[in-house]
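Asker:
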Amino acid sequence: MLDRLREDIDCVFARDPAARNRFEVVTTYPGLHALWLHRLAHGLWGLKLRWLARLVSYLSRFLTGIEIHPGARIGRRFFIDHGMGVVIGETAEIGDDCTLYHGVTLGGTTWEKGKRHPTLENDVVVGAGAKILGPITMGQGARVGSNSVVVKDVPPGATVVGIPGRVVGADAERRRETAARIGFAAYGLRDDLPDPVSRSLDSVLDHVEVIEERMAKLMAALHELGVQTDADANDTAHGGQDKPG
Numbered sequence: 031m032l033d034r035l036r037e038d039i040d041c042v043f044a045r046d047p048a049a050r051n052r053f054e055v056v057t058t059y060p061g062l063h064a065l066w067l068h069r070l071a072h073g074l075w076g077l078k079l080r081w082l083a084r085l086v087s088y089l090s091r092f093l094t095g096i097e098i099h100p101g102a103r104i105g106r107r108f109f110i111d112h113g114m115g116v117v118i119g120e121t122a123e124i125g126d127d128c129t130l131y132h133g134v135t136l137g138g139t140t141w142e143k144g145k146r147h148p149t150l151e152n153d154v155v156v157g158a159g160a161k162i163l164g165p166i167t168m169g170q171g172a173r174v175g176s177n178s179v180v181v182k183d184v185p186p187g188a189t190v191v192g193i194p195g196r197v198v199g200a201d202a203e204r205r206r207e208t209a210a211r212i213g214f215a216a217y218g219l220r221d222d223l224p225d226p227v228s229r230s231l232d233s234v235l236d237h238v239e240v241i242e243e244r245m246a247k248l249m250a251a252l253h254e255l256g257v258q259t260d261a262d263a264n265d266t267a268h269g270g271q272d273k274p275g
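Per this note's numbering, the sequence shown starts with residue 31, numbered consecutively.
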């Protein structure tokens, strides 16, 4: 038990540079208090003392501003930074080394009983104000941008932003390659943030890729018909110039 408490405190120092000493962390960090009270409530929930468990959860919300249903399952080294407004539903499952910031909701989208809240695998980080809704799975190491709304499964290691949330990692890398190929180096400075300008750039680069793909198919079809294109003529001309006289 003591080892587990030390582990909880140590993870605060690992993820919050504002933490100065153990006394300060133990006495002034609501995320830590909410986690400890949840463990008590979850234990009572497992013993079928449901009303008492809900009472502990209610008192925890009153004291910390964080609402965690007693039925939620939370792994080790879980950290809630700031914490105000965090809501974690009954069937939510959170793995080890996960981090939530203030205003995060792990909510449901149905009134049906059963699994209706998200599952966060190990090492997931959810930014401030983000909403993860429904019985979806956030893969190991996934990241959710602030104020995003996620309603679909997220693969391991992916970064999700926007409303509705979309994976930006793979698309951003592909578009960066296209931008470099056409000499648009400034695009690389936007740091994959989905602001209005970057959305417009995404659309332009997607359009460029479609045009290039269609042009390649057209050129291939012309070659099969034996038609010489301007590109072929230029290649021949340049090749002739390179030959010695």
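The beta carbon of each residue, even a glycine, is placed where N, CA and C say it ideally should be.
Between Val134 and the ligand COA, is the CB less than 7 Å from at least one heavy atom?
Answerer: With respect to the ligand COA, the structure shown offers nothing to examine, as it has no ligands at all.
Asker: Is DSSP giving Phe43 helix, strand or coil here?
Answerer: Reduced to three states, the DSSP call for Phe43 is helix.
Asker: With DSSP as the reference, please indicate the residues paired to Thr167 in a beta bridge.
Answerer: Paired residues: Thr149.
Asker: Taking the alpha carbon of Gly175 as the point to measure from, which residue in Val154, Ile166, Gly164, Thr167 has its own alpha carbon closest?
Answerer: Nearest C-alpha to Gly175: Val154.
Asker: If you count every other CB in all the chains shown that lies within 10 Å of the CB of Leu93, and 16 or more means buried, which is it?
Answerer: Per the 10 Å Cβ criterion, exposed.
Asker: Return the first residue and the last residue of the alpha helix (DSSP H) that Gly61 is part of.
Answerer: Looking at the DSSP string, the run of the alpha helix (DSSP H) that includes Gly61 is 60-76.
Asker: Considering only the alpha carbon of each residue, which of Arg45, Trp81, Gly76, Ile124 lies closest to Ile166?
Answerer: Selected option, being the one with the closest Cα: Ile124.
Asker: Just to confirm, is the Cβ distance from Leu136 to Pro148 under 8 Å?
Answerer: A contact, by the Cβ cut-off of 8 Å.
Asker: For Leu223, which of helix, strand or coil comes out of DSSP?
Answerer: Low confidence applies here, because Leu223 scores a pLDDT of 49, under 50, leaving its location unreliable; read the following figure in that light. Coil.
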